[in-house]
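Each residue of the sequence shown is one higher than the one before, counting from 0 in numbering that gives the first Met the number 0.
We put the CB at the ideal spot given by N, CA and C, even for glycine.
Predicted model only: the values in this text are computed from it and were never measured.
Encoded as structure tokens, the structure appears first; notes follow it.
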Amino acid sequence: MSSTDDESEALDIFTEPNDFYAPDKPATSSLYTTKQGTEIPLRLVGHNPLWGHLLWNAGRIIARYIEDNAAEVVTHKNVLELGAGAGLPSLICALHGAKKVVVTDYPDADLIENLRYNICHSIDHQYQHAIVAKGYLWGNDVQPLKAELTDPDTGFDVLILADILFNHSEHEKLILTMNQTLGGGIAARALVFFTPYRPWLLEKDLRFFELAKQAGFAVNKLFEHVMDKVMFPEDPGDETLRRTVFAYEVKWPT
């Protein structure tokens, strides 16, 4: 073999095969049907390590809860959603007359662009002025979020946390953000809905509420809702727990 052949073979070692970079998975879609029978189409990112490519059970149930209690919970209110994924609960808030909705997720370009896409394509134009999508890291400066409000000093009337408690290492950051964004009114509340997709870690999920109490919040369990199906049939653990959405409300003490 000549030296030229040697050099060519050596270079080939560092040449990626044609299938080395897997193509991006295409976006998928899901539907949410309101109580009135209106179908809301939602685009989901094709795949994301932050789990934004799924429409989670807690998002569906919190959306229905908002529909059932819109006049009390969101109409004419300022709303902040954390870890929103496709943003379904925020879209429902806008449809039910929220004053301002700030829908957030991790500042990943695909996630935030997808939220903006859903704002533009999932609800009528007349509601779009009330909702804005932003990237936000839990525990970071909240002023860019509050700056979206007419009066930033008042904070948000409603916070939405749907199926994000599985991030156990982030609980303290979430509570810090809650502390700095939840308005001071007696009606101000955080709606925290979750499913223990890993039932053996349920106690770690629930630790969030103990930390909330330690931070000065009052915690009230609203209800449990058992879904018809599990999201991940092949996963281990108690199936009933994996189908159950736990609904909590976190407020300032009265």
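Have a look at K228 and I60 and give me their C-alpha separation to the nearest angstrom. 14 Å
Bridge partners - H224, DSSP secondary structure assignment: V244
Tell me which residue opens and which closes the alpha helix (DSSP H) that G134 is part of. Element bounds for G134: not the alpha helix (DSSP H) but the beta strand (DSSP E), I130 to G134.
Kindly list the residues whose CB is nearer than 6 Å to the CB of W251, restricted to its own chain and excluding five residues on each side of it in sequence; keep chain order. none
Between the C-alpha atoms of R188 and H170, what's the straight-line distance to the nearest angstrom? 17 Å
If you draw a straight line from the alpha carbon of K98 to that of L205, how long is it in whole angstroms? 31 Å
Which residue or residues does DSSP assign as beta-bridge partners of E80? V102 and I159
Can you give me the C-alpha to C-alpha distance between V44 and E80, rounded to a whole angstrom? Each residue's Cα considered, the two are about 18 Å apart.
Cα separation between N178 and T33? Their Cα atoms are separated by approximately 32 Å.
Measure how close the beta-carbons of K76 and V157 come, nearest whole angstrom, since I'm counting them as under 8 Å. 5 Å
Determine, using beta-carbon pairs with one atom in the stretch 143–150 and one in the stretch 85–97, whether at least three such pairs fall under 8 Å. no
What distance in whole Å lies between the Cβ atoms of A69 and A161, which are believed to be in contact at a cut-off of 8 Å? Contact flag wrong, Cβ pair sits at about 16 Å.
Using a Cβ-Cβ cutoff of less than 7 Å, which residues in the same chain neighbour M226 once the five nearest sequence positions on both sides are dropped? N56, R242 and V244
E238 burial status per 10 Å Cβ neighbour count (16 or more: buried): exposed
Counting pairs of Cβ atoms below 8 Å between the stretch 118–134 and the stretch 180–194, do you hit three or more? no
Local conformation of P255 per DSSP, three classes: Absent from the structure is residue 255, since the part of the chain shown begins at 0 and ends at 253.
Quick one, which of E248, G154 and E66 has its alpha-carbon nearest F192's? E248
Residue burial classification, C92 (beta-carbon count within 10 angstroms, cutoff 16): buried
Give the straight-line distance between the Cα atoms of K172 and L54, rounded to the nearest whole angstrom. About 23 Å.
Cβ-based neighbour list, F231, same chain, cut-off 8 Å, excluding 5 preceding and 5 following: Y196 and R241
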